[in-house]
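To start, the structure under review is shown below, and the notes come after it.
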Amino acid sequence: MSRLLRQFAEPMSLLLLAAAAVSGLVLGERLDAVAITVIVALNAAVGLVQEGRAAHALEALRRLETPLARVERAGLVRTVPARELVVGDLVHLAAGDRVPADLGLGAASALEVDESLLTGESLPVAKTAGDPGPDGQLWSGTLVTRGAGQGVVTATGTATKLGTVAAGLEGGQDPTPLQRELAALSARLGLVAVGVAAGVFALILVRTGLSAAGLGRAFLAAVALAVAAVPEGLPTVVTVALALGVRRMAGHGALVRRLPAVETLGAATVLATDKTGTLTENRLRLATVDLAGAGAAARADGLTGKDARPLATVAVCCNDAQLDPPAGDPVDLALLEAVGPHQVARLRAAWTRLAGLPFDAERRRMTVLVAGGAQRLLLVKGAPETVLARCTRRRSGPAVVPLSAPDRAGLLERTAVLARRGERVLALAWQPFAPQLPAGADLEELDGDLELVGLVGLADPLRPTAPGAVAEAQAAGIRLLMVTGDHPGTAAAVAERAGLAPAGAPVLTGAELRAGGVPADPAAVPVYARVEPDQKRALVEALRAGGAVVAVTGDGVNDAPALRGADIGVALGVAGTEVAREAADMVVTDDDLATIVTAVREGRGIYDNIRKVVDYLVAGNLSEILVVVACLLAVPGLGIPLLPLQLLWINLLTDGLPALALGVDPPTPGLMRQPPRPPTARLLGRRRLRLLAGRGALIAAASVASLFIARDLFGEPLAHARAVMFTVLVVAHLLMAFVARGPDPLAATPARLGVAARLLGNRWLLLAVGAGIALQAATALWPPARDLFATAALSAREWALVAAAAVAPVLAMAALRPRHR
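In terms of my numbering, the sequence shown is residues 544 to 1364.
Following this line, the structure appears as structure tokens:
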């Protein structure tokens, strides 16, 4: 009900209701008063439907983004929607997860949580398992920034601490920058329309005199002209176009979390993408094994052979993934698959984890302490350069020998060779201990005297869609950069196979960035490897400072600053953490670069559709103003050129359904062969305003010319001539939708769209225009409508004149192209 009342509270609706009162009470024209009131009600109904479509679309988008939780039930860890959690469920958490419910912490390993959502405290809070106080509780909505843990659900939904806070909050979504620009545009056009209406009011009084009836009719005509000239439904149509376009993007796997991102997508000039999951399948498989000096080679038996048992022990026990059902980090899953399910079960039954430190961007390794009977093992898995620096010994067959500096250098060279083949290389090491560890032992201190048990290379196949997506983005004028934490050789090999960079292209590493800083033109370097989170953010800031519109992908907790700092942050929905998704403007549900490029194409299409709506409405409404003014100045004896009801009828037919149909138009072919839209470009700059004024003048000229032809050449009465002009104006305005649907003539490289494609490519527009023309024809063919709108029954030659005069300006618009500067 409140939404309906808002439609009648609009300034234009109030003005029309005042006009209806004047018509009925002052002029005694009750039929006109009823008709004006009905048109106000129809306009309100159209606005209500449009607003409802937008609200429903936005609500559907919110429902698409369902938080997930890893819950242990019947001994198995499964991923379920957070809304399905119940009190008593055991939830598993890791760094990057959003806590899905209030939990009592039962187990924790170096667990730290960001509770700023509830407390405003920016520093993470350390949590302790079993603590009855706040340190042993996890609150729904907070973020795990470090470590891992398990907790039992104590409250869900509105019963949580966050739920009690949120229950009393209610608010709407702020308008996007584009919506604010359109509202300002409508306001400016409104001022122009009021000024023109005042002038028309004065001209009509000069023609009709200062009688009470003359004043009333002049007031009605001026109000109707002001209403017809202002595209008051433009912001609503744009909201519908944005919301439905975003839903279409969601159907392609790109979930836009903030509507302003749609406006920016079409202007993206740089896309900084990760490697794993976006360019590759994120489906790692064991490719090569180096048994600590035996030489890197492919192994048909994976890690199941007798000589690979030390490697298998570290791979399985220094690992948080599980095979049935598959869950966990892709690297960990690949290692478990290489060992095999039976061996995994045997090793995990033989060794019990006592403590552990998870992998993070700073340590770049995972460390766990396990016990098997009387033996203790410290197991380490991570980046070769990090792990090898902590190894003093290596296995050589059954023997253990010192690891010399030349040995270390040789192993790093093998790592580089494997990486250049596109493999991800890990070093695995251990350190046996006696049953009793040194007093006060700390895992951070214990892993400094390790025994290397081997290197493994994991291959991640290139996505079949990656080369095509890279080529499409480059053709669209978008510069692609790979920013990854992987080895430089791996990054370069994948970039070359995907077509992102040629062989031998420069690769900058995080160490080089730390030593020399960000280059003056960051986009000139196609590949950045071993990049740390703060360096990724610095790259984004440098690109934006250079004038680029930057889209960046990310999946980890530490990617959040770069995602926030970019013009468009794109989180990976499969591999991404909840922190990354919260920081991003868009979530890609399949992690595929092709989906991101598709989202850019859709974003460009949505912005282009809004441009079409603006072109259509502004040019058409200008034509109505010009017709009225021209007739008042050049056609003596006509009286009011277009009656108030006629103007309101034009507004109802032309500004509603056709504009909405244009707003949901399929993307124009060729959009991805144009350069990105400048971020400072405006929908109605001076050049476009001149173009639209010219289009409006063509329609007005054809309409006024039809009146002269019907009156002077055909010798028809003035009422017939005005009916012809009225019909030409409506039909020409409706047909202009097909001109607006074409490629933007002001684009640097306008795309081509044939006549058949313009007419048949949007069935909703075809139906809307066809219905509008049919309804307009009824005003001349149906006697009650003729009486209501003061028209006349047109003859065959008058209908032929209508067809010719309505089509002529449309053909002229399609044929004439503005000259580019």
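Glycine included, each C-beta is placed from N, C-alpha and C at the ideal position. All values reported here derive from a predicted model rather than from experimental measurement.
Query raised in the report: Using DSSP with H/G/I as helix, E/B as strand and the rest coil, what is Arg641?
Result: If DSSP states are grouped into helix, strand and coil, Arg641 belongs with the strands.
Report task. Go ahead and label Leu1190 buried or exposed: buried means 16 or more other beta carbons lie within 10 angstroms of its beta carbon, across all protein chains shown. Result -> Leu1190 comes out buried.
Query - Backbone CA spacing between Leu993 and Pro901 [nearest angstrom] - result: Each residue's Cα considered, the two are about 18 angstroms apart.
Query raised in the report: Which word fits Val1353, buried or exposed, when buried means at least 16 other C-beta atoms lie within 10 angstroms of its C-beta?
Result: Taking a 10 Å sphere around the C-beta of Val1353, we find 16 or more other C-beta atoms and assign the residue as buried.
Report task. With a 10 Å radius around its C-beta and 16 neighbouring C-beta atoms as the bar for buried, classify Asp817 as buried or exposed. Result -> Under a 10 Å Cβ-count criterion, Asp817 is classified as buried, with 16 or more other Cβ atoms of the shown protein chains found around its own Cβ.
Query - Cα-Cα separation between Val687 and Ala1290, rounded to whole angstroms - result: In a straight line, the C-alpha of Val687 is about 47 angstroms away from that of Ala1290.
Query raised in the report: Along the chain, where does the alpha helix (DSSP H) that runs through Arg1238 open and close?
Result: For Arg1238, the enclosing alpha helix (DSSP H) has its first and last residue at 1229-1251.
Query - alpha helix (DSSP H) segment containing Ile1316, residue limits - result: Looking at the DSSP string, the run of the alpha helix (DSSP H) that includes Ile1316 is 1306-1324.
Query raised in the report: From what residue to what residue does the alpha helix (DSSP H) around Arg826 run?
Result: Going by DSSP, Arg826 is part of no alpha helix (DSSP H) at all; its letter is neither H nor E.
Query raised in the report: Helix, strand or coil for Pro1219 per DSSP?
Result: Reduced to three states, the DSSP call for Pro1219 is coil.
Query - First through last residue of the alpha helix (DSSP H) which encompasses Glu994 - result: For Glu994, no alpha helix (DSSP H) encloses it; the enclosing beta strand (DSSP E) starts and ends at 993-1002.
Query raised in the report: When DSSP labels each residue in this structure, what does His635 get in the three-state scheme?
Result: In the three-state reduction of the DSSP assignment, His635 falls in the strand class, which pools E and B.
Query - Span separating the alpha-carbon of Leu834 from that of Gly991 - result: Spanning the two alpha carbons is a distance of roughly 21 angstroms.
Query raised in the report: alpha helix (DSSP H) containing Ala1162: first to last residue?
Result: 1136-1177 is the span of the alpha helix (DSSP H), which, as asked, contains Ala1162.
Query raised in the report: Which whole-angstrom value describes the C-beta separation of His1263 and Ala1253, a residue pair presumed to lie in contact below a C-beta threshold of 8 angstroms?
Result: About 6 angstroms; that satisfies the 8 angstroms criterion.
Requested in this report: State the start and end residues of the unbroken alpha helix (DSSP H) segment that holds Trp1342.
Outcome: 1339-1358 is the span of the alpha helix (DSSP H), which, as asked, contains Trp1342.
Query raised in the report: How would you call Ser683, buried or exposed, if buried means at least 16 neighbouring beta carbons within 10 angstroms?
Result: The residue is buried, with at least 16 neighbouring Cβ atoms inside 10 Å.
Query raised in the report: Do Trp1192 and Phe1281 come within 8 angstroms of each other at the CB atom, strictly closer than that value?
Result: No, these two residues do not count as a Cβ contact at 8 angstroms.
Query raised in the report: Looking at C-alpha atoms only, which residue of Ala1355, Val1068, His1276, Ala1142 is the closest neighbour of Val1161?
Result: For Val1161, the nearest C-alpha among the options comes from His1276.
Query raised in the report: Are there 16 or more other CB atoms within 10 angstroms of the CB of Gly1060, so buried, or fewer, so exposed?
Result: Exposed: under 16 other Cβ atoms inside 10 Å.
Query raised in the report: Taking the DSSP output, what are the residues bridged to Arg896?
Result: DSSP lists Val913 as partners of Arg896.
Query raised in the report: Looking at the structure shown, is Ile1183 part of a helix, part of a strand, or coil, going by DSSP?
Result: Three-state result, Ile1183: coil.
Query raised in the report: Using CA coordinates, which residue listed in Leu1278, Asp985, Leu955, Val1070 is at the minimum distance from Leu1303?
Result: For Leu1303, the nearest C-alpha among the options comes from Leu1278.
**Report entry** Identity of the residue in Pro1184, Ala1127, Arg1231 nearest Thr1334 by Cα
**Finding:** The residue with the shortest Cα to Cα distance from Thr1334 is Pro1184.
Query raised in the report: What's the call for Pro949, buried or exposed, on a 16-neighbour Cβ count within 10 Å?
Result: Under the 10 Å beta carbon count, Pro949 is surrounded by fewer than 16 other beta carbons and is classified as exposed.
**Report entry** Test item: CB-CB of Leu646 and Gly700 under 8 angstroms
**Finding:** The answer is no: Cβ separation not under 8 angstroms.
Report task. Measure the C-alpha to C-alpha separation of Thr703 and Ala612 and round it to an integer number of angstroms. Result -> Distance from the CA of Thr703 to the CA of Ala612, rounded to the nearest whole angstrom, comes to 16 angstroms.
Query raised in the report: Is the CB-CB distance between Asp1158 and Asn825 below 8 angstroms?
Result: For Asp1158 and Asn825, no; Cβs fall outside 8 angstroms.
Query raised in the report: Can you tell me where the beta strand (DSSP E) with Gly1112 in it begins and where it stops?
Result: Under the DSSP assignment, Gly1112 falls in the beta strand (DSSP E) whose first and last residues are 1111-1115.
Query raised in the report: What do you get for Glu988, buried or exposed, if any count of 16 or more other CB atoms within 10 angstroms of its CB means buried?
Result: Answer is exposed; the Cβ neighbour count stays below 16.
Requested in this report: Return the CA-CA distance between Val913 and Asp678, expressed in angstroms with no decimal places.
Outcome: Computed Cα separation, rounded: 26 angstroms.
Requested in this report: Throw me the rounded Cβ distance for the Tyr1071 and Leu1136 pair, which I believe falls under 8 angstroms.
Outcome: Not confirmed; about 16 angstroms, so no contact.
Report task. Can you grab the Cα-Cα spacing for the pair Glu966 / Arg1238, in whole Å? Result -> Computed Cα separation, rounded: 59 angstroms.
**Report entry** Stretch pair the region 967-974 + the region 914-933: three plus CB contacts closer than 8 angstroms
**Finding:** Contact between the region 967-974 and the region 914-933 is established, with three or more Cβ pairs separated by less than 8 angstroms.
Query - Element boundaries [alpha helix (DSSP H), containing Lys924] - result: Not the alpha helix (DSSP H): Lys924 falls in the beta strand (DSSP E), residues 918-925.
Report task. Please decide whether Leu619 counts as near chain C, where near means a Cβ-Cβ distance under 8 angstroms. Result -> No chain C appears in the structure shown, which is made up of a single protein chain.
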